[in-house]
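Mapping to the UniProt record's numbering: the sequence shown position 239 is 531, numbers consecutive. Backbone N, C-alpha and C fix where the C-beta goes; we use that ideal spot for every residue, glycine too. In this text, all values refer to a predicted model and were calculated from it rather than measured experimentally. As structure tokens, the structure follows; a few thoughts come after it.
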Amino acid sequence: ATPTALMVGTGRSAKMGILIKNGEVLEAVNEIKTVVLDKTGTVTVGKPEVTDIVGNEKAVLSVASGLEQSSEHPLASAILTDAKEKEIVTPKVADFKAIEGKGVSAQVNGKQAFVGNDKLLADVKISDAMKQQVTKLQKEAKTVVFVGLNDKVIGLIAIQDAPKATSKEAIAALKARGLKTVMLTGDNQLVAEAIAKQVGIDEVVADVLPSEKADHVKAIQQDGKVAFVGDGINDAPALTVADVGIAMGSGTDIAIESGGIVLVKNDLRDVDKALALSKKTFNRIK
Ligand code: ADP
Ligand code: MG
């Protein structure tokens, strides 16, 4: 390999906002079969907004905002923003707990309160009418969280995080290159499928716990080399395990550190550009 070609190639890509950190990445690029993408903040904008509330709006938002004020999850900021806009009084809570991949819980006015997905509902019954509402909202690509007090669900909050304007084009470019695309997310299957359909992603792996993301990448590597694109703290292990880890520049520090390639402009279309540039550079130094 001639270091000069490597320098030239990566120097040119750096000007385009594509940082290639090492030569190993260049070697793997020619053999990539699948591009795996995180959903929130990678395929979607990552700024979720509340769209629907089922139940008594004031009561539901009050409990939910009480709990979410201690959470750093993007869904929490969506709920807090909505509660603020609606001038909801946020109660004090005690004994706050974040439950990985599921939601949050705490004591509110002497009651055990929770906000999160159906994995939190083991001992809680919900009506068939409510189940139908949940399915309808999820098919509209909305993430639904249940708000509960003790053993009752008092309402639902539907939250939407739209795909980035460029995601569809970005996915089409990867598919034109003959690559398979897979979305990996902790969100619900129906929501994930709805988003995937909107942007043209081939396959979905949903309901994945943060700690499981890297294992799913390993499983997909059985079919050939994998590029993983992500931005979150919980994407770091998957970025490391992948043959090519691609981090969004807007991502958390740990994601950026874990990526072999960093997309400074946060444009998902740069995944394709990065692959094209790496190939060119690699073929030149071979
Ligand atoms: P991802 O970022 O890939 O969507 P997460 O593991 O962060 O996955 O979250 C998975 C799911 O867990 C969310 O879609 C939501 O249902 C639930 N959840 C996690 N944190 C919270 C929270 N603070 N409030 C409500 N629900 C939450
Ligand atoms: Mg993310």
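Assigned exposure category for residue i - 16 Cβ within 10 Å defines buried
i           : result
Asp559      : buried
Gln404      : exposed
Asn314      : exposed
Gly303      : exposed
Gln430      : buried
Ile451      : buried
Lys434      : buried
Asn480      : buried
Asn575      : exposed
Leu353      : buried
residue 237 : Missing from the structure shown is residue 237; the chain here goes from 293 to 578 and no further.
Leu501      : exposed
heavy atom of the ligand MG below 7 Å from residue i C-beta
i      : result
Thr382 : no
Asp523 : yes
Gly333 : yes
Asp330 : yes
Asp527 : yes
Beta-bridge partners of residue i, as assigned by DSSP
i      : result
Gly408 : Gly395 and Phe438
Lys472 : Thr326
Thr336 : Pro455
Lys444 : Leu441
Gly478 : Note: Gly478 sits in no beta bridge, so no partner.
Asp344 : Ala450
Lys403 : Val400
Ala568 : Paired residues: none, contrary to the question.
Glu495 : Val474
Lys389 : Ser397
Ile418 : None; Ile418 has no bridge partner.
Through-space distance from residue j to residue i, alpha-carbon basis
i      : j      : result
Asn401 : Thr427 : 31 Å
Ile371 : Ser459 : 25 Å
Gly543 : Val346 : 32 Å
Ala297 : Ala568 : Since pLDDT at Ala297 reaches only 49, below the 50 mark, its modelled position is unreliable, and the value read off the structure follows with that caveat. When rounded, the distance between both Cα atoms is 15 Å.
Ala464 : Gly470 : 10 Å
Lys376 : Ile487 : 28 Å
Lys409 : Leu311 : The sequence as given places Asn at residue 409; Lys does not occur at that position. So the alpha carbons of these two residues sit roughly 37 Å apart.
Leu423 : Ala414 : It is Lys, not Leu, that sits at residue 423 in the sequence shown. Cα to Cα, the separation comes out at about 14 Å.
Val563 : Lys350 : 43 Å
Thr294 : Ala320 : The predicted position of Thr294 is uncertain, since its pLDDT is 46 and thus under 50; a value taken from the coordinates is nonetheless stated next. Roughly 17 Å separates the two Cα atoms.
Lys517 : Ala421 : 45 Å
Pro383 : Ala368 : 15 Å
Lys307 : Val416 : 54 Å
Asp344 : Gln425 : 11 Å
Met553 : Pro529 : The question names Met, yet the displayed sequence has Ile at residue 553. Rounded to whole angstroms, Ile553 to Pro529 spans 15 Å at the Cα level.
Leu359 : Ile418 : 21 Å
Lys467 : Lys444 : 46 Å
Phe406 : Glu392 : 13 Å
Residue i beta carbon near the ligand SAH (any heavy atom closer than 7 Å)
i      : result
Val437 : This structure lacks the ligand SAH; its bound ligands are the ligand ADP and the ligand MG.
Residue i: CB within 7 Å of a non-hydrogen atom of the ligand ADP
i      : result
Lys431 : no
Val385 : no
Asp479 : yes
Ala421 : no
Gly367 : The identity of residue 367 in the sequence shown is Leu, whereas the question assumes Gly. Leu367 Cβ: within cutoff of the ligand ADP.
Glu504 : no
Lys339 : no
Asn409 : yes
Val396 : yes
Gly393 : yes
Ser550 : no
Glu360 : yes
Ser363 : yes
(request) Mind listing, in chain order, the continuous beta strand (DSSP E) runs of no fewer than 3 residues lying wholly within the segment 498–565? (result) 517–522, 536–540 and 553–555
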